[in-house]
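S.K.:
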Amino acid sequence: MKPQSKSFSPKTTKLAAPANSRARQDATHEELPPGENKAIMLFSEGVRVSVEFNQVDPLGLSKTWRVLSALSGLAVLSILVTARCLEPASEGFGTHQQLGLPPCTSVAMFGVRCPSCGMTTSWSLATRGEFVEAARKNCGGLLLAIIALAYLPASCYFTWRGRSTRGGWFSLSLGISILTSLAIAITQWLWRLYS
């Protein structure tokens, strides 16, 4: 998530010089919390210079990122709801055919399951709370389903609060988790292939 950049807007206003010479030399500096305007008032001969620093929260997200976060959350939710509506195939794979999709090309042409075989079935089982059975069908698919479930509250937080995580740890953790799930799915596929 990319934070918004800081903006700077100077303003200069000419006023009559203060009668007191000491007042002309004084400067006031008002500290305000992040996200508010910090103003420095400088008094000189007949000129008052007002410099405003519009400090933006360094973890704040732009409107574009907040919209993308909301859309991605809705997409993940729709996938989970669809998986829950599907009936897990007894063979352990082929559940996606209930959506009108064709059978797995690898199974149809070579009679061998591909690494993604059982992915939809594992999601369907995971949404029913049958995690052990989901891991047997496709362990990587189960981990992806868990990641999707965990992403929903995070998406709501990013959208509603409009703030990112410090250091970008969430994006890094999400990427590592997805790659790990895919690696586990491939490992399980190789084990089935050569066992």
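Taking this note's numbering, I'd label the letters of the sequence shown as residues -13 to 181.
Glycine is no exception: its CB is placed at the ideal position from the N, C-alpha and C atoms.
Cα separation between M95 and F144?
M.R.: Answer to the nearest angstrom: the Cα atoms are 44 angstroms apart.
S.K.: Helix, strand or coil for R99 per DSSP?
M.R.: Coil, per DSSP.
S.K.: Taking all protein chains shown into account, do 16 or more other C-beta atoms lie within 10 angstroms of the C-beta of Y180, making it buried, or fewer, making it exposed?
M.R.: Flag for Y180 reads exposed.
S.K.: So that I know if they touch, is there some Cβ in chain D lying closer than 8 angstroms to that of L176?
M.R.: Protein chains in the displayed structure number just one, and chain D is not present.
S.K.: Rounded to whole angstroms, what is the Cα-Cα separation between C51 and R99?
M.R.: What sits at residue 51 in the sequence shown is Trp, not Cys. Cα to Cα, the separation comes out at about 38 angstroms.
S.K.: Check whether the segment 76 to 85 touches the segment 148 to 157, taking contact to mean three or more Cβ pairs, one atom from each stretch, closer than 8 angstroms.
M.R.: No: fewer than three Cβ pairs fall under 8 angstroms.
S.K.: What's the gap between the Cα of L130 and the Cα of L63?
M.R.: Cα-Cα distance, rounded: 13 angstroms.
S.K.: Quick check: A140 and T113, are their CB atoms within less than 8 angstroms of each other?
M.R.: No, these two residues do not count as a Cβ contact at 8 angstroms.
S.K.: Mind checking who R149 pairs with in its DSSP beta bridge?
M.R.: According to DSSP, which records beta bridges pairwise, R149 is partnered with G46.
S.K.: Using the beta-carbon count (16 or more within 10 Å), is K123 buried or exposed?
M.R.: Buried, since its Cβ has 16 or more Cβ neighbours within 10 Å.
S.K.: Take A121 and list the residues in its own chain whose beta-carbon comes closer than 6 angstroms to its own, dropping the five residues that flank it on each side.
M.R.: Closer than 6 angstroms at the Cβ level, and outside the excluded window around A121, lie L128.
S.K.: Taking the alpha carbon of S110 as the point to measure from, which residue in V67, R178, G161 has its own alpha carbon closest?
M.R.: Nearest C-alpha to S110: V67.
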